[in-house]
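Beneath this line is the structure, given in structure tokens, with notes to follow.
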Amino acid sequence: MKVISFLIEYFKSPRTVGAVAPSSEKLAEKMVSDIDFENAKCIVEYGPGTGVFTDKLLGRKKQDTILLLLEYNKEFCKRLEEKCNRYDNIIVINDSDENVDEHLAKYNIEKVDYVVSGLPFASLPKNGSNKILEKTRGILKSDGLFITFQYTLLKKEFITVYFKKIDMERVLFNVPPAYVFRCYSC
Ligand SMILES: C[S@@+](CC[C@H](N)C(=O)[O-])C[C@H]1O[C@@H](n2cnc3c(N)ncnc32)[C@H](O)[C@@H]1O
19 MKVISFLIEY
29 FKSPRTVGAV
39 APSSEKLAEK
49 MVSDIDFENA
59 KCIVEYGPGT
69 GVFTDKLLGR
79 KKQDTILLLL
89 EYNKEFCKRL
99 EEKCNRYDNI
109 IVINDSDENV
119 DEHLAKYNIE
129 KVDYVVSGLP
139 FASLPKNGSN
149 KILEKTRGIL
159 KSDGLFITFQ
169 YTLLKKEFIT
179 VYFKKIDMER
189 VLFNVPPAYV
199 FRCYSC
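The structure is reproduced here in structure tokens:
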């Protein structure tokens with residue numbers, strides 16, 4: 019069901035959805051494996067889609083940790099709202115990640131510990147991607163972490179401009195195989 023609705027949304031908007039199927043469990047595990055759930059006060063997820071990474075975050079976050087989900091696609095947002103309605107401190111917003119700072123300001127959140135991203139930078143417009151990466155650097159705490167995945171290394175240089183250091187790991191059990199980037203601001 020998840021796979022079919024993902025595919026339908028891909029055909030409606032291929033460049034924004036950027037993949038024909040949700041990420042694998044293995045990739046989702048890797049995406050959250052560096053998060054210090056005990057101490058995180060606020061986690062933002064960009065482009066959660068049907069919520070494969072969200073499930074991991076919901077399952078591990080402390081009750082008082084704020085999780086803000088920012089998803090552009092209306093259908094995905096509806097599913098995310100249903101998924102999250104029994105959890106505390108979850109904010110689901112149907113908007114572009116380009117406006118992440120404005121949404122955080124509404125909730126009086128100045129800085130966040132982690133940004134977990136499912137955004138397909140390879141197919142998104144360059145201006146929008148620049149804006150998102152610039153804002154991401156601005157909202158992260160000095161020891162915060164931006165975690166994103168990409169199917170190729172084509173956008174590595176592009177992302178590197180915004181961060182001091184990037185660690186990379188390959189996840190083969192995903193269609194297609196993916197690279198997880200952990201991006202540090204200091
Ligand atoms: C490759 S899918 C990843 C979905 C999910 N994270 C996963 O890994 O299965 C990309 C997601 O990013 C969303 N997206 C694309 N551009 C966006 C933007 N500017 N703001 C918010 N979400 C966006 C798409 O709607 C889609 O849900």
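Under the working numbering, the first residue of the sequence shown is numbered 19, with each subsequent residue one higher.
The beta-carbon is built from N, C-alpha and C at its ideal position, and this holds for glycine as well.
This one's a predicted model, so the numbers in the text were calculated from it and none came from an experiment.
Where does the unbroken beta strand (DSSP E) through residue i begin, and where does it stop?
i, result
"Val134", "Val130 to Ser135"
"Asn112", "Ile108 to Asn112"
"Leu163", "Leu158 to Gln168"
"Ala37", "From DSSP, Ala37 is part of no beta strand (DSSP E); its letter is neither H nor E."
"Lys182", "Counting along the chain, Lys182 falls outside any beta strand (DSSP E), and DSSP gives it neither H nor E."
"Leu98", "Element bounds for Leu98: not the beta strand (DSSP E) but the alpha helix (DSSP H), Lys92 to Cys102."
"Val193", "No beta strand (DSSP E) contains Val193, which DSSP labels as neither H nor E."
Use the C-beta contact count for residue i: other C-beta atoms within 10 angstroms, 16 or more gives buried, fewer gives exposed.
i, result
"Met186", "exposed"
"Asp115", "buried"
"Cys204", "exposed"
"Tyr125", "exposed"
Tell me whether residue i sits in a helix, a strand or coil according to DSSP, three-state version.
i, result
"Asn57", "coil"
"Ile26", "helix"
"Ala140", "coil"
Can you determine whether any heavy atom of ligand 1 sits closer than 6 Å to the C-beta of residue i, and answer yes or no?
i, result
"Asp115", "yes"
"Gly136", "yes"
"Glu100", "no"
"Phe191", "no"
"Ser41", "yes"
"Pro32", "no"
"Glu120", "no"
"Ala37", "yes"
Below 7 Å between beta carbons: does that hold for residue i and residue j?
i, j, result
"Gly162", "Asp119", "no"
"Pro40", "Gly77", "no"
"Asn192", "Ser42", "yes"
"Lys79", "Leu86", "no"
"Ser147", "Arg33", "no"
Quick check on residue i - is its C-beta less than 7 Å from some C-beta in chain C?
i, result
"Phe71", "No chain C is present in this structure, which holds just one protein chain."
Terminal residues of the continuous alpha helix (DSSP H) containing residue i?
i, result
"Ala123", "Val118 to Lys124"
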